[in-house]
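In the working numbering, the protein residues as written are -8 to 286. Here is the structure we will look at.
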Amino acid sequence: MKSLRYNVQKAVDLVDELNSWVDEIPPIQQPMRFGNKAFRTFYDRVVERTPAMQEDMLSDNLKGAVIELAAYLNDSFGNRVRIDYGTGHETSFIVWMSCLHKLGFFKQSDFPALVLRLFTTYLALMRRLQKLYMLEPAGSHGVWGLDDYHCLPFYFGSAQLIGQHEILPESVHNDTVLQENHAEYLYLDAIKFIKEVKAGSPFAETSPMLNDISALPSWEKTNGGMLKLYEGEVLKKLPVIQHLRFGTLFPCTWTPSHEADDGSTYIPVSTHPGAGVRAPNLDLESVSAKAPWAQ
């Protein structure tokens, strides 16, 4: 990719600076495996220092927006109390970028760089935080999710591969293809990361949904399904989206599209699925057992 426009580079530098803080905040010794409390030290530093860092990025007439921008950036790194992270936090980072675009800080011509440089820099930081501080997955669907923490690398990554005919959805089973191309293609990088984290078990068992997706004939089909999945499993799920903040940059001005769920149709997902695991809604007449793009 060509050199970044100055404003995009400043945002990348901000995230890189946060990554450097991790070197200074090692995990602490504690009896529990998950949720290392050193994460709270990192999070507190984000809250304390990044407002001024964002002010430094902006021109004088935009500095007043930092009070809203800081809320979205803070929420992008997980929950301080629960020491967890999920797709709602990932969405908060997208809202942060969107707000900077609304302010004119980013331009539409920056969009490819925002995904392929800024978002990927953020993604690398989050993977590091997840592994080092053992963040709990927030709202994970277990094997019936794309990833324990993220959704958007698969949406953005499949969009990046549209028009690519040498690398197909089925190529995710070829480790040589993953190794040679993961640095260029976000989708392949996400698959490679999952295979490394869950090494020792067959991909079809650890990631059955992604395994099913690999049978699709095109990246267009994959990308359309990923958007439906993100809308249905993130944007339309109250437990995920209820923590999202609204303000002048990202106002809540719409009319609700449907009645609130009273909770009567909720079916809990087993935390110990075992070998005979089935999709949690498999027996519901109104819900297909297939991924939304595999009809």
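We put the CB at the ideal spot given by N, CA and C, even for glycine. None of these values were measured; they are calculated from a predicted model.
Beta-carbon proximity of residue i to residue j, cut-off 8 Å
{"i": "Val13", "j": "Leu109", "result": "no"}
{"i": "Ser149", "j": "Asn202", "result": "no"}
{"i": "Leu(-5)", "j": "Val6", "result": "no"}
{"i": "Val310", "j": "Thr82", "result": "Given that the chain is displayed from residue -8 to residue 286, the structure contains no residue 310 and the question cannot be resolved."}
{"i": "Asn27", "j": "Ile19", "result": "yes"}
{"i": "Leu107", "j": "Met88", "result": "no"}
{"i": "Arg118", "j": "Phe30", "result": "no"}
{"i": "Thr239", "j": "Glu59", "result": "yes"}
{"i": "Leu126", "j": "Leu120", "result": "yes"}
{"i": "Arg73", "j": "Tyr34", "result": "no"}
{"i": "Ala181", "j": "Pro128", "result": "no"}
{"i": "Pro160", "j": "Ser205", "result": "yes"}
{"i": "His80", "j": "Ser67", "result": "yes"}
{"i": "Gln45", "j": "Ala62", "result": "no"}
{"i": "Leu220", "j": "Cys142", "result": "yes"}
{"i": "Tyr146", "j": "Leu91", "result": "no"}
CA-to-CA distance, residue j to residue i, given in whole angstroms
{"i": "Gly130", "j": "Gly77", "result": "7 Å"}
{"i": "Tyr(-3)", "j": "Gly191", "result": "43 Å"}
{"i": "Ala195", "j": "Val163", "result": "11 Å"}
{"i": "Leu94", "j": "Met200", "result": "38 Å"}
{"i": "Val57", "j": "Pro42", "result": "6 Å"}
{"i": "Pro165", "j": "Ile158", "result": "Per the sequence presented here, residue 165 reads as Asn, with Pro not at that position. Going by the C-alpha atoms only, they are around 10 Å apart."}
{"i": "Leu356", "j": "Pro103", "result": "No information on residue 356 is available, as it lies outside the stretch -8 to 286 that the chain covers here."}
{"i": "Phe138", "j": "Lys227", "result": "A small correction: the amino acid at residue 138 is Asp; Phe does not occupy that position in the sequence shown. Between Asp138 and Lys227, the C-alpha separation is close to 18 Å."}
{"i": "Leu152", "j": "Glu175", "result": "10 Å"}
{"i": "Glu303", "j": "Tyr140", "result": "Lying before the first or after the last residue shown, residue 303 is absent from the chain, which here runs from -8 to 286."}
{"i": "Phe96", "j": "Leu177", "result": "25 Å"}
{"i": "Leu275", "j": "Gly154", "result": "With a pLDDT of 32 at Leu275, under the threshold of 50, the modelled position of that residue is not reliable, and the figure given next carries that caveat. So the alpha carbons of these two residues sit roughly 36 Å apart."}
{"i": "Glu15", "j": "Glu8", "result": "12 Å"}
{"i": "Thr256", "j": "Gly136", "result": "Here the model assigns Thr256 a pLDDT of 47, short of 50, so the residue's position is not dependable, and the following value carries that caveat. Roughly 20 Å separates the two Cα atoms."}
{"i": "Val37", "j": "His173", "result": "29 Å"}
{"i": "Thr112", "j": "Phe84", "result": "12 Å"}
{"i": "Pro208", "j": "Lys186", "result": "22 Å"}
{"i": "Asp47", "j": "Val86", "result": "20 Å"}
{"i": "Val168", "j": "Thr246", "result": "46 Å"}
{"i": "Gly55", "j": "Arg40", "result": "16 Å"}
Sheet register partners of residue i (DSSP bridge)
{"i": "Asn70", "result": "Asp75"}
Local conformation of residue i per DSSP, three classes
{"i": "Glu222", "result": "helix"}
{"i": "Pro128", "result": "strand"}
{"i": "Pro208", "result": "coil"}
{"i": "Arg108", "result": "helix"}
{"i": "Thr197", "result": "helix"}
{"i": "His92", "result": "helix"}
{"i": "Leu120", "result": "helix"}
{"i": "Gly238", "result": "coil"}
{"i": "Pro103", "result": "helix"}
{"i": "Leu(-5)", "result": "coil"}
{"i": "Thr213", "result": "helix"}
{"i": "Pro247", "result": "coil"}
Would you list, in sequence order, the uninterrupted alpha helix (DSSP H) runs of no fewer than 4 residues that lie entirely inside the region 1 to 86? Entirely contained in the region 1 to 86, the alpha helix (DSSP H) runs reaching 4 residues are, in chain order, 29 to 48 and 57 to 66.
Can you give, in chain order, each stretch of the beta strand (DSSP E) that sits fully within the region 135 to 190 and has at least 3 residues? Here no run is fully enclosed.
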